[in-house]
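Residue numbers (the numbering used here), protein chains in the order written: chain A, 57 to 436; chain B, 112 to 458. Backbone N, C-alpha and C fix where the C-beta goes; we use that ideal spot for every residue, glycine too. Everything numeric in this text was worked out from a predicted model, so none of it was measured. Each remark here refers to the structure printed beneath this line.
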Amino acid sequence: MKREASPIVVAVGILALLVAIEIVYWQKLGPAKPRVTAATRQGGGGSQGGSASETPSGDPRFVVVTLAGAPEAGHQDGTAGEARFDGPAAVCADRNGNVYVADSRNHAVRRISALGLVSTVAGGTSREGYADGPAQGSRFSAPAGIALLPDGSLLIADTGNHRLRRVSSAGVVAAFAGSDTPKDELGRPTGGYKDGPVMQAQFRYPVGLAAAGDGTVYVSDAGNHCVRRVADGVVSTVATAEGEMDTPTGLSWVGGILHVTDAATGCIWAGPATGPLSRLEWDGLRKLSAVPSGVAVVRGGILIADARSHGLYGFTYRSNLSPGSPLAGQQGTAGWADGRGDEARFSQPAGLCVGPEGSVYVADFGNNCVREVTLPGSLR
Amino acid sequence: MLRRLLFLLALVALLALFAYTFARWGKPRPVAELQGKLLAPPVGDRGALAWLERRPGGDCLVVRQRSRAAPRALLTAAELGGLAVVNGRAYLSRRDREGGPTQMWSVQLHSGRQKALVPIPSPATQIVSGDEWICWLAERPAALPAAPFVVAGGPVTAVWAMTHRNDRLHPVRLLSGSGEAELLAVVSKDLYWAEYSGGTTRVRRQRITGGEVEPLVSEPGRRGALLLGNRLAWTAPSREAALPEQYCSVKTRSLSGGEATSIADWLAPDAVLLRSGRVLYAQERDALWQLGSRRGQQRLLYRASLGGRVPTVIDGVEYLVQQHGRKARLIRRGLTWGGKLRVLVGV
Numbered sequence: 057m058k059r060e061a062s063p064i065v066v067a068v069g070i071l072a073l074l075v076a077i078e079i080v081y082w083q084k085l086g087p088a089k090p091r092v093t094a095a096t097r098q099g100g101g102g103s104q105g106g107s108a109s110e111t112p113s114g115d116p117r118f119v120v121v122t123l124a125g126a127p128e129a130g131h132q133d134g135t136a137g138e139a140r141f142d143g144p145a146a147v148c149a150d151r152n153g154n155v156y157v158a159d160s161r162n163h164a165v166r167r168i169s170a171l172g173l174v175s176t177v178a179g180g181t182s183r184e185g186y187a188d189g190p191a192q193g194s195r196f197s198a199p200a201g202i203a204l205l206p207d208g209s210l211l212i213a214d215t216g217n218h219r220l221r222r223v224s225s226a227g228v229v230a231a232f233a234g235s236d237t238p239k240d241e242l243g244r245p246t247g248g249y250k251d252g253p254v255m256q257a258q259f260r261y262p263v264g265l266a267a268a269g270d271g272t273v274y275v276s277d278a279g280n281h282c283v284r285r286v287a288d289g290v291v292s293t294v295a296t297a298e299g300e301m302d303t304p305t306g307l308s309w310v311g312g313i314l315h316v317t318d319a320a321t322g323c324i325w326a327g328p329a330t331g332p333l334s335r336l337e338w339d340g341l342r343k344l345s346a347v348p349s350g351v352a353v354v355r356g357g358i359l360i361a362d363a364r365s366h367g368l369y370g371f372t373y374r375s376n377l378s379p380g381s382p383l384a385g386q387q388g389t390a391g392w393a394d395g396r397g398d399e400a401r402f403s404q405p406a407g408l409c410v411g412p413e414g415s416v417y418v419a420d421f422g423n424n425c426v427r428e429v430t431l432p433g434s435l436r
Numbered sequence: 112m113l114r115r116l117l118f119l120l121a122l123v124a125l126l127a128l129f130a131y132t133f134a135r136w137g138k139p140r141p142v143a144e145l146q147g148k149l150l151a152p153p154v155g156d157r158g159a160l161a162w163l164e165r166r167p168g169g170d171c172l173v174v175r176q177r178s179r180a181a182p183r184a185l186l187t188a189a190e191l192g193g194l195a196v197v198n199g200r201a202y203l204s205r206r207d208r209e210g211g212p213t214q215m216w217s218v219q220l221h222s223g224r225q226k227a228l229v230p231i232p233s234p235a236t237q238i239v240s241g242d243e244w245i246c247w248l249a250e251r252p253a254a255l256p257a258a259p260f261v262v263a264g265g266p267v268t269a270v271w272a273m274t275h276r277n278d279r280l281h282p283v284r285l286l287s288g289s290g291e292a293e294l295l296a297v298v299s300k301d302l303y304w305a306e307y308s309g310g311t312t313r314v315r316r317q318r319i320t321g322g323e324v325e326p327l328v329s330e331p332g333r334r335g336a337l338l339l340g341n342r343l344a345w346t347a348p349s350r351e352a353a354l355p356e357q358y359c360s361v362k363t364r365s366l367s368g369g370e371a372t373s374i375a376d377w378l379a380p381d382a383v384l385l386r387s388g389r390v391l392y393a394q395e396r397d398a399l400w401q402l403g404s405r406r407g408q409q410r411l412l413y414r415a416s417l418g419g420r421v422p423t424v425i426d427g428v429e430y431l432v433q434q435h436g437r438k439a440r441l442i443r444r445g446l447t448w449g450g451k452l453r454v455l456v457g458v
């Protein structure tokens, strides 16, 4: 009897095992169909924005050229074509046609001479830090603002060190404003907020700079959500008429009027340099959900760089000069192309400045180069 | 008569077993239905499997303690991050409320016993563990999120370390960029990681206790790398294709130095390297290859696409996340004979 029972046990056991295995898996696995969605598809390439035929492009009266650098990041001096930048964030120009660049990821200040030769003015040891003294041995931390002082020296927003630094004509770097702030767990200064004598005042991520003819300096203090003024050795805060700034970045002073871009709210603040500043909002910027990064006042209006839509836009106090369209670049399309305004492409344009002959220089942050935009007689 | 009938029944059962085995051999099996987004690929140790899910009620550490046990949430918090398992013990970061303090946390997978280790500055995004050291990546968000062109206010990625013994916290290195680094392994006192910046992927090594960063490999584009015993394996542009960026090759070299050797080519440009023990795999979108130690030894394991992502390999079994209707589920598929057998019988 025992010998006859064993096949039954085996058979029932095997069948039970099979049933048990199927039961263990609470859900039967059918043949899975591959789902390739736009989100999961990789390496598809293609343009970063809309097609050229559908997307508003710039004004053909504008002409854009690359002054120096190329999209390939690096730190190299030399001719305009050979030179390499890494994250140029701000530019300023002197009367002789030299353009100075806050080369943020290289922690350096660079100069593009009128002849097109690029050299390192200060910093650039590839490692961030803080060191005053002769320009060659000086160190900065991700400078994001630059301006020329009336005496010809350069003022640098040493953003990562939360200070303003001055590079004299003789090539010596010295503190201009700001003091030590507490350090975080990684040993990096956190910045602070304090008005008062320049060497006791504190900043938090100073970005945009502008210098008035009398030597007064204006600073967009992005981390403190305000604009600061440095005059007669004292740092103070410029008031706003209503509401508060969020992330002031680009800054321009022309004829006693300040213009400040607010990257977080997508608006521009303007008013007398003594304050208060009022909010200006244009439909064009609001519709774009713009991240205005740089501002320059030119003949006929205000030029604004939008880091989100990769274009330059023109406005007057009353209107948008080209509603819905950039004056240079293609809305929403990042790229690197010179040519007429409608052919040119930018990538995260940041700081702007006006050159001695009326052209505008653009720190093309995403393309790691500096661009020159020749304007028609007037924006309008 | 009865005896013959019984033998016939046994034969049918055996045939059914063979048919079942034939039909199911190498086929994927579901492990669990996910109730949220998978935060970290599953990790396993001593028969237990653990993963992190972001659910509507908070982040969960989900553990399947035995092969047939139902997965259960062992730990729930506002934010959990990183996950590594060593000797049956899971390490992860825990934060109980947004903006609150973060701690490194450990959980015994089998007993569920939990222990707070050290306070850490910010949640971990990835954890790797060696015999002596545990290292993790932590990202501090941008100070000026609205201004990505301000480098100084940008997000910061840092590597931290602590020892298994005294749980001391120890900053190792500040990395450039955010989300652009991947920790590869801790071997003895050395940390290996891959970093992508400026269009180039660089694999580097540094002694955790201090010292200079040692560059090991530099390849153009976004590349993957992993450690295979005492060798480093990584993906690189194809050496044979006319358009090198459209295909990728796999290279290896000894950690102690020497020439790089190409062991595979003509793989999809986004192929992901996987490892199980000392066996190296390359996962393409719709194929899985087992790679040998020399060119010409690569073997196609699977051609069919499962539409899966986040693959990880544990003891010869590949785990993937697959969309199933509106829900996602974790499935597994055997790669080796042992792995296939384990998946078949459900252990």
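How many Å lie between residue i and residue j at the Cα?
i: Glu395/B; j: Gly265/B; result: 33 Å
i: Arg440/B; j: Asp301/B; result: 36 Å
i: Arg97/A; j: Ala191/A; result: Low confidence applies to Arg97/A: its pLDDT is 30, below 50, so where it sits in the model is not reliable enough to give any reading.
i: Gly306/A; j: Gly180/A; result: 23 Å
i: Ser235/A; j: Gly216/A; result: 13 Å
i: Asn152/A; j: Gly411/A; result: 9 Å
i: Val261/B; j: Phe421/A; result: 10 Å
i: Gly395/A; j: Gly385/A; result: 10 Å
i: Trp400/B; j: Ala352/A; result: 57 Å
i: Leu408/A; j: Thr176/A; result: 20 Å
i: His221/B; j: Val456/B; result: 22 Å
If you measure from the beta carbon of residue i to each beta carbon in chain A, is any gap under 7 Å?
i: Ala382/B; result: no
i: Pro326/B; result: no
i: Pro232/B; result: yes
By the 10 Å Cβ neighbour count, where 16 or more other Cβ atoms means buried, how is residue i classified, buried or exposed?
i: Arg350/B; result: exposed
i: Leu113/B; result: exposed
i: Ile231/B; result: buried
i: Asn341/B; result: exposed
i: Asn154/A; result: buried
Let me check you understand the geometry: is the CB of residue i closer than 6 Å to at least one non-hydrogen atom of the ligand ZN?
i: Ala181/B; result: The model depicted lacks the ligand ZN and carries no ligand whatsoever.
Please report whether the beta-carbon of residue i lies at a distance below 7 Å from any beta-carbon of chain B.
i: Ile70/A; result: yes
i: Ser160/A; result: yes
i: Leu173/A; result: no
i: Asn424/A; result: no
i: Arg91/A; result: Bear in mind that the predicted position of Arg91/A carries a pLDDT of just 32, short of 50, making it too unreliable to give a figure here.
i: Ala41/A; result: Only positions 57 to 436 of chain A appear in this structure, which leaves residue 41/A out of reach.
i: Thr305/A; result: yes
i: Ala178/A; result: no
List the residues of chain B whose Cβ lies closer than 7 Å to the Cβ of residue i, in chain order.
i: Ser197/A; result: Ala263
So residue i contacts chain A; which residues on that side make the cut at Cβ distance below 7 Å?
i: Phe260/B; result: Ala145, Ser349, Ala363, Gln404, Ala406, Phe421
i: Leu285/B; result: Leu242
Identify the contact partners of residue i in chain A, using a Cβ-Cβ distance below 8 Å as the criterion.
i: Gly223/B; result: Residues of chain A passing the Cβ test: none, with the nearest at roughly 23 Å.
Which residues in chain B have a C-beta closer than 9 Å to the C-beta of residue i? List them in chain order.
i: Tyr417/A; result: Those within 9 Å of Tyr417/A in chain B number zero; the least Cβ separation is about 15 Å.
i: Tyr261/A; result: Ala254, Leu255, Ala258, Val261, Ala263, Gly264
i: Asp302/A; result: Ala257
i: Thr437/A; result: This structure cannot speak to residue 437/A, because chain A is shown only from 57 to 436.
i: Ala233/A; result: What Ala233/A touches in chain B: nothing, since even the nearest Cβ is about 16 Å away.
i: Ala129/A; result: Ser308, Gly309, Gly310
i: Ala200/A; result: Ala258, Phe260, Val261, Val262, Ala263, Gly264
Below 8 Å on C-beta distance, what does residue i contact in chain B?
i: Ala278/A; result: Leu255, Ala258, Val261, Gly264
Give me the chain A residues within the contact set of residue i, using Cβ-Cβ distance strictly less than 9 Å, ordered along the chain.
i: Ala269/B; result: Glu241, Leu242
i: Pro282/B; result: Glu241, Leu242, Gly243
Subject >> Residues in the segment 156-185 of chain B having any Cβ partner in chain A nearer than 7 Å >> reply: Arg179
**OP:** Please name the residues in the segment 343-356 of chain A whose beta-carbon is closer than 7 Å to at least one beta-carbon of chain B, in chain order.
**Re:** Val347, Ser349
**OP:** Report the residues of the segment 112-141 of chain B with a CB closer than 8 Å to any CB of chain A, ordered along the chain.
**Re:** Leu113, Arg114, Leu117, Phe118, Leu120, Ala121, Val123, Ala124, Leu125, Ala127, Leu128, Tyr131, Lys138, Pro139, Arg140, Pro141
Subject >> Near-chain B residues of the segment 204-231 of chain A (beta-carbon distance less than 9 Å), N- to C-terminal order >> reply: Listed by position, the residues of the segment 204-231 of chain A near chain B (Cβ gap below 9 Å) are Asp214, Thr215, Gly216, Asn217, His218.
Original post:
Residues in the segment 293-319 of chain B with C-beta within 7 Å of chain A's C-beta atoms, listed in sequence order?
Top reply: Gly309
**OP:** Taking a Cβ distance cut-off of 8 Å, strictly less, list which residues of the segment 325-359 of chain B are near chain A, in chain order.
**Re:** none
Original post:
Between the segment 313-329 of chain A and chain B, which residues of the former have a C-beta closer than 7 Å to a C-beta of the latter?
Top reply: Ala319, Ala320
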